[in-house]
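As structure tokens, the structure follows; a few thoughts come after it.
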Amino acid sequence: MDTRQKYVKLKQYNAIIIFPCHIEHSKFKNLEPITAGFCYIQENKVTCFGNSISLDLESEPEDDSKEATKQLFGYNAMLNLI
287 MDTRQKYVKL
297 KQYNAIIIFP
307 CHIEHSKFKN
317 LEPITAGFCY
327 IQENKVTCFG
337 NSISLDLESE
347 PEDDSKEATK
357 QLFGYNAMLN
367 LI
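If you read the sequence shown in the numbering used here, its first letter stands for residue 287, the second for the next number, and so on.
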């Protein structure tokens, strides 16, 4: 089973939204995303990668993974990535 998800990182608040792969990245265009791609959510870790063709945006794997991990699992989990 593929556990891959999609995500966008928003300009406002530096927030990351994670959503299922059947939803297009472009649905979030009005929220002004600055990066986008795919991610895997594992135990206390989010791994971001790839890009969005529909938004023409790349991911920033290291920064996006840290922010998504902090958002979902807390600051200490994010520190474990460093």
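The beta-carbon is built from N, C-alpha and C at its ideal position, and this holds for glycine as well. Keep in mind it's a predicted model, so treat the numbers as computed, not measured.
- May I ask you to list the residues that DSSP assigns as paired with Glu344? Asn337
- So what's Lys352 in DSSP terms, helix, strand or just coil? helix
- Task: Could you check if Ile302 is buried or exposed, using at least 16 other CB atoms within 10 Å of its CB as the buried criterion?
- Result: It counts as buried.
- Any idea if Ser340 is buried or exposed, counting beta-carbon neighbours within 10 angstroms, 16 or more meaning buried? Per the 10 Å Cβ criterion, exposed.
- Query: Looking at Ser351 and Leu365, is the spacing between their C-beta atoms short of 8 Å?
  - Reply: no
- Item | Leu296 - DSSP class collapsed to helix/strand/coil | For Leu296, the secondary structure class from DSSP, reduced to helix, strand or coil, is strand.
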